[in-house]
Structure formats: C-alpha cells, structure tokens
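Peer 1: Let me give you the structure first, and then I'll get to my questions.
Chains as they are written, first to last, in the working numbering: chain Z, -16 to 237; chain W, 1443 to 1646.
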C-alpha cells in the first residue's frame, strides 16, 4: 500500500476550446473541454488540469464557465489556472468547481501571492506552475506562457515557492513540451530533490516507457500529458497496466 | 429523505452535491440551526483550515446544533476537514476547540514522506465497516491533507499509511467520516456516499 503515481491529462484552452501547439506556439483546436473531461474521467485519469493559456482578462468569464462545465463531468480532482494574479481570481476559479489552482507569472513577480493563496485556501489547493528552459548548465524560469525569460533559476524558485506556501509543483520543460521525445528527467529530478511537496512532471510525454522513466529517474509524483491522450495515441488504461506491471504504484481502474 | 450539506461559507459543497446527484439523491444546504434541526441526515464537507472551519461554524451558531443532532442519532458524514472537525482539537489551530465528538487531537503528519499527502492511496481495514461495504479491499481514494487523526480508539475502522498510520475512515453509532474525498474518488467513492445514504435511511 502506497501513494499511487498520478496520470494527469491536461486541457490547454483558449478559455473555451482545447488547443494545442508545439513549444508553446502554433496553436490549433483540439476539441470541447467538457467532452474530453468526461472521457478521461471514465478512462481512469487520476486528476485533470485545465489551463487558460490565453489568460486574457476579457475571456475570464468564459473560462470560469468552462471550469463549471468540466467539473460537472468529473468524479476526480480538478486543477485549473492561467493568469491568476490575486486571491479573488483564485477564489473565482475554486468556486467554479476546481479543487486546486495553478499560479505562474503572478507568483514569480510577487511571491507573497503564494502565501496569501495558501492562507486563504490551504497549501493543498495551491499549485506553483513553473515553465523552465535549459540555459547553459541550469534551468531558467520563463513567464507569460513561456515567452519572457526571468533570469531566475527554476530549481531555486521551486524551493522558494514551497517556502512561500505552494503545496505542489507543476514543472513544465519548455525544451520538451510538444516534442514527444520523453520527459525532462534531469530537470524533474532536480526539482523533486529540492522540495518536500509533490511534483508533477510536464512536457515531452510519449510512450509508456517515458512515463516509467519520469517516475523512476525523474522522481516525479505525477505525470501530465495532453496531445498523446487527446489524439488517442496512448490510452490511459493501457498506460496504467504497463506501469503496474513494471512495479509502479498506480490506481488501476477497470 | 431530507439530506443536508452543512454550509459554513467554505468547502466544496458543489462537488459533493454533484456526486450525490449522480446517485439520484437530492440534497439541500443547511446554514442555520433551524435548518440543521429538520434534517434526516447531515454531511459536513471540508476544505481548508481547522480554525477557520470551527470559527465559521461558531459564527453561524452551528456548533451546538450539530452536536445536538448527533446526540439525537441523526446520521452525520464528515469529509476530510469535516472528519478532523469531529475531534477535540488540532495542531493546525491549537487555540480552537473542535466539535469534540471524539476526545483525541488531530496531528500534523510528521514529514517522513512528501506533504501534503496528495493523491490516491489505499486503506488498511482495522474493524468491520458499514461505510466500506461492497468496496474492494484494494480500492484507491483521493486524499489532500497535511493533518490527520492518528487515533480514534474503537471508532477507527480503516487506516492509511503516509508519514504515519492515520485514521482514514471512522464510524461510531450514526457518526461516519472519511479523511479522503469520496466525492473525488471515482466509483469507489461513489459507493461510500451510496452506503451512507442507505445507512441514513434513504435509497443510496
């Protein structure tokens, strides 16, 4: 008996529709979020993440409606975020039906935001999302959907974010995102060693073997993927059966 | 049957309502002493902070009505922080008294593994459980917490191990509680909610 490694499908949305791209660009439509959520709920997803990658203030009511529609389909936890800049915006996302919220750009500009969110909703509801890219011999955190470098070391920022109140880290490798070349195990392991909270690895998911690698070598507690699930390249059930057979603790469903 | 979710200004009521609704069970919300008194069964959901929960119950004058309902034998299901609130006190808010349906303290889990305890875990059964009837021994449930009751005496019917062994399911008379979120735990969680509704006299 031990805590299962989680498999988490991610719905990147423009607020209303699921979109996808490679290395954060060339976005195209990939379906209705509620329909995909219903499918993943049945197929054995352990959690679902829904992000508003446009995160424009004008579209926020649309995104909140998307969260409501997605939450209505789920009997598993839901994490949502994108552009959350203050406690009130966080509350709106949780009230719409999310169990946890992600923060990224606003937290790096204003780390006390993490403390305020944790005080209001509990650390278990605050996920610090970090977009990181290899620069020389370290990883640098980028903000605004991966478009703006910060000069901040991603591993040090993860550690600071946890000290401020984050209850989980979602680490996305910008080098791997959308490439289907495997997760960034060195990055994930560096983050995982640096913090005491659970770590979700994101970017580069491909074959079941890549998930095994990120759980073993990357020391991830959970792994997130989008297109391989949306395009039915990889089934959730088959993935979990493979991991289970390899001795990884996973929640088998059906 | 008249099943009510205790509303105290926080928590995850909509997800519990949706989970009940999927079972064909309609619930309402109770936020006043009068509303609590008229219920056949109560659910106390909970997310957040022990002290904040107890102060919210206190501000709404719900602490004694909840205790009275329990002493009348009204079935009560506590979820996550709702389980913790049933104890006398918590490390999370040392100055705030709990509902004290159980005399023990809720402890901060020792940092032996990653915290918060976040994700799906299995149960270790200690005593026969009505709430777990029909639930597979190896079923997984969704947890998200850093505090837990390490002991509930005879009321502890199932435990979970993360950082330390802690009470995952408790039952005593008509009082039931889970440290995990049945409303977020897929079909196994749904079975638990269904069992509670049936135990409370409805057709779960």
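Beta carbons: idealized from backbone N, C-alpha and C, even for Gly.
The model shown is predicted, which means the values in this text are computed figures rather than measured ones.
1. Flag this pair as touching only if the region 149 to 168 of chain Z and the region 91 to 108 of chain Z have three or more C-beta atom pairs under 8 Å; answer yes or no.
2. Could you tell me the distance, in whole angstroms, from the CA atom of residue 1481(W) to the CA atom of residue 228(Z)?
3. Comparing alpha-carbon positions, which option in 1576(W), 1483(W), 1533(W) lies nearest residue 1631(W)?
4. Got a sec? Which residues, its chain only, sit under 7 Å from residue 1613(W) by beta carbon, not counting five neighbours each side?
5. Taking Cβ positions, are residue 197(Z) and residue 203(Z) nearer each other than 7 Å?
6. By a C-beta neighbour count over all protein chains shown, 10 Å radius and 16 as the cutoff for buried, is residue 176(Z) buried or exposed?
7. So with Cβ pairs under 7 Å, would you call residue 160(Z) a contact of chain W?
8. What is the DSSP secondary structure of residue 1450(W), counted as helix, strand or coil?
9. Does the pairing of the region 1626 to 1645 of chain W with the region 1479 to 1495 of chain W give three or more beta-carbon distances under 8 Å?
10. Taking 8 Å as the limit between beta carbons, can you name the residues of its chain near residue 224(Z), skipping five residues before and five after?
11. Output, in chain order, the set of chain W residues within a Cβ distance shorter than 9 Å of residue 46(Z).
12. Mind checking which residues open and close the beta strand (DSSP E) that includes residue 1492(W)?
13. Quick test of your reading: residue 1533(W) and residue 1589(W), contact by CB under 8 Å. State the CB separation rounded to the nearest angstrom.
14. Which residues, in order along the region 59 to 78 of chain Z, keep a beta-carbon less than 8 Å from a beta-carbon of chain W?
15. Keeping to the same chain, check which residues put their C-beta closer than 6 Å to that of residue 1518(W); ignore five residues upstream and five downstream.
16. Please report whether the beta-carbon of residue 1556(W) lies at a distance below 7 Å from any beta-carbon of chain Z.
17. Starting from residue 239(Z), find everything on chain W with Cβ-Cβ shorter than 7 Å and list it in chain order.
18. Answer yes or no: do residue 1530(W) and residue 1507(W) have a C-beta to C-beta separation smaller than 7 Å?
19. Give a yes or no on whether the C-beta atoms belonging to residue 166(Z) and residue 184(Z) are separated by under 7 Å.
20. Within 7 Å of any Cβ in chain Z, is that where the Cβ of residue 1601(W) sits?
Peer 2: A quick look at the data gives this:
1. yes
2. 48 Å
3. The shortest Cα separation from residue 1631(W) among 1576(W), 1483(W), 1533(W) belongs to 1576(W).
4. 1571, 1572, 1573, 1597, 1599
5. yes
6. exposed
7. no
8. coil
9. Three or more beta-carbon pairs drawn from the region 1626 to 1645 of chain W and the region 1479 to 1495 of chain W are found closer than 8 Å, and the two stretches are therefore classed as touching.
10. Only residues of its own chain outside the window of five on either side were considered, and among them 235 have a CB closer than 8 Å to the CB of residue 224(Z), listed in chain order.
11. Correct list: empty, because the minimum Cβ distance to chain W is about 17 Å.
12. Careful: residue 1492(W) lies outside any beta strand (DSSP E), inside the alpha helix (DSSP H) at 1492 to 1501.
13. 6 Å
14. 59, 60
15. 1484, 1512, 1617
16. By the rule that beta-carbons nearer than 7 Å mark a contact, residue 1556(W) touches chain Z.
17. Residue 239(Z) lies beyond the residue range present for chain Z, which begins at -16 and ends at 237; the question has no answer from this structure.
18. Their beta carbons are not under 7 Å apart, which means residue 1530(W) does not touch residue 1507(W) by this criterion.
19. yes
20. Not one chain Z Cβ lies under 7 Å of residue 1601(W).
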